[in-house]
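The next block holds one structure in the form of structure tokens; read it before the comments.
In the numbering used here, the protein residues as written are 1 to 181.
Shown next as structure tokens:
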């Protein structure tokens, strides 16, 4: 008696396909942001204030996150004769985070030495909206790694789906032969 093939391969294939699409989309979104950062212009800025704290809540989700030590830099810069002030670290990360307190203290010390010095800091700004600024560009490499993982998951999902379809066809052919013979 023939056993009907289970749907495990089909379910795993669908999970991998959906996961691969999700990872790939997230990676492409990050890569697109990194490409957009290439169009940013830079100017010199002045560090106004440096704060070091232990983060209690995630700045994006609001969830408790006591793991990170945060360096918050307030800086001033001028574009076309107009002065702006901001404290954003990067366009995708509002604050610079460190897992080790000593690393955060070292970064804060470097920035504190720059407080009040003219032209001590490079500030990246959006030429279309100069008030939108940051101190660091988004990196493309991690985003491309996520796209690669998404591609691998997508390929695995397609292979699992093809294996399921192949098993179903074989099962049907054998069932027809058994009924005919």
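Every residue gets a Cβ at the ideal spot worked out from N, C-alpha and C, and that includes glycine.
Being a predicted model, the structure only gives us computed values, none of them experimental.
For residue i, count neighbouring C-beta atoms within 10 Å of its own C-beta (all shown protein chains included) and say buried if the count is 16 or more, exposed if not.
{"i": "residue 25", "result": "exposed"}
{"i": "residue 67", "result": "exposed"}
{"i": "residue 37", "result": "buried"}
{"i": "residue 46", "result": "buried"}
{"i": "residue 9", "result": "buried"}
{"i": "residue 150", "result": "buried"}
{"i": "residue 81", "result": "exposed"}
{"i": "residue 181", "result": "exposed"}
{"i": "residue 138", "result": "buried"}
{"i": "residue 20", "result": "buried"}
{"i": "residue 148", "result": "exposed"}
{"i": "residue 2", "result": "exposed"}
{"i": "residue 134", "result": "buried"}
{"i": "residue 131", "result": "exposed"}
Determine which residues share a DSSP beta bridge with residue i and list them.
{"i": "residue 79", "result": "82"}
{"i": "residue 31", "result": "In the DSSP output, where bridge partners are listed per residue, residue 31 has none listed."}
{"i": "residue 69", "result": "54 and 98"}
{"i": "residue 153", "result": "Paired residue(s): none; residue 153 is not in a bridge."}
In three-state terms, what does DSSP make of residue i?
{"i": "residue 137", "result": "coil"}
{"i": "residue 142", "result": "helix"}
{"i": "residue 173", "result": "helix"}
{"i": "residue 98", "result": "strand"}
{"i": "residue 185", "result": "A query on residue 185 cannot be resolved here, the shown segment of the chain reaching from 1 to 181 and no further."}
{"i": "residue 90", "result": "strand"}
{"i": "residue 131", "result": "strand"}
For the alpha helix (DSSP H) holding residue i, just list the boundary residues, first then last.
{"i": "residue 102", "result": "101-113"}
Could you check where the beta strand (DSSP E) with residue i kicks off and where it finishes?
{"i": "residue 45", "result": "41-54"}
{"i": "residue 126", "result": "121-126"}
For the putative contact between residue i and residue j, defined by C-beta atoms under 8 Å, what is the C-beta separation to the nearest angstrom?
{"i": "residue 72", "j": "residue 83", "result": "So it is not a contact: roughly 20 Å between Cβ atoms."}
{"i": "residue 33", "j": "residue 92", "result": "6 Å"}
{"i": "residue 105", "j": "residue 52", "result": "6 Å"}
{"i": "residue 144", "j": "residue 31", "result": "6 Å"}
{"i": "residue 187", "j": "residue 17", "result": "This structure cannot settle anything about residue 187, because the visible part of the chain is limited to 1 through 181."}
{"i": "residue 121", "j": "residue 114", "result": "6 Å"}
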